[in-house]
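In the working numbering, the protein residues as written are 606 to 721. No residue lacks a Cβ here, since even glycine has one placed at the ideal position from N, Cα and C. Below: the structure, in structure tokens.
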């Protein structure tokens, strides 16, 4: 069995987390190394390592994550001007292997910064 991720440790109460938002399916914390003035992490409570590891039974959860991202961005004061990023796998920059979504706001990114 693989080692628990830092997100699982927060879920289990083993380490503290500054929770910005939470519901039965997910929670949101501030990123410890922000890439924008607003950089939140939206994390499902279910430990799915990568997006490609999600199954058909996760459809409702994945949909809830998308809806929650919009709600959280609005609560954080960025309205409808935010970016939602998922890094899938080490080659894409994923360092914590527990699916999570980056919510970035209050910054205009250049094409060079985005890589596309």
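Worksheet item: Taking the alpha-carbon positions, what's the residue 608 to residue 646 distance?
Response: Locating residue 608 in the chain shown gives position 3, where the first residue counts as 1. Locating residue 646 in the chain shown gives position 41, where the first residue counts as 1. Taking the straight line joining both Cα atoms gives about 20 Å.
Item to complete: Would you identify the three-state DSSP class for residue 690, choosing helix, strand or coil?
Response: Here residue 690 refers to the residue found at position 85 when the chain shown is read from its first residue. Three-state result, residue 690: strand.
Fill in: Residues of its chain near residue 630, where Cβ-Cβ distance is below 7 Å and the 5 sequence neighbours each way are ignored
As a position in the chain shown, residue 630 is number 25, starting the count at 1. Correct list, in chain order: 649, 650, 666 and 669.
Discussion item. Given a cut-off of 8 Å on the beta-carbon distance, is the pair residue 724 and residue 705 in contact?
Written reply: Past the edges of the chain, shown from 606 to 721, lies residue 724, and the structure says nothing about it.
Fill in: residue 612, DSSP secondary structure in three states
Counting from one through the chain shown, the residue named residue 612 turns up at place 7. Helix, per DSSP.
Fill in: Short Cβ contact (8 Å threshold) for residue 656 with residue 634
As a working note, residue 656 is residue 51 in the chain shown. As a working note, residue 634 is residue 29 in the chain shown. No, the Cβ-Cβ distance between residue 656 and residue 634 is not below 8 Å.
Item to complete: Report the three-state DSSP secondary structure of residue 704 (helix, strand or coil).
Response: Stepping through the chain shown from its first residue, residue 704 is reached at position 99. The three-state secondary structure of residue 704, taken from DSSP, is coil.
Discussion item. Restricting to Cα atoms, I'd like to know which of 696, 674, 658 and 687 is closest to residue 627.
Written reply: Sequence index remark: in the chain shown, residue 627 carries index 22 (1-based). When C-alpha distances from residue 627 are compared across 696, 674, 658 and 687, the shortest belongs to 674.
Worksheet item: Taking buried to mean at least 16 other C-beta atoms within 10 Å of its own C-beta, is residue 643 buried or exposed?
Response: Stepping through the chain shown from its first residue, residue 643 is reached at position 38. It is buried - the Cβ of residue 643 has at least 16 other Cβ atoms within 10 Å.
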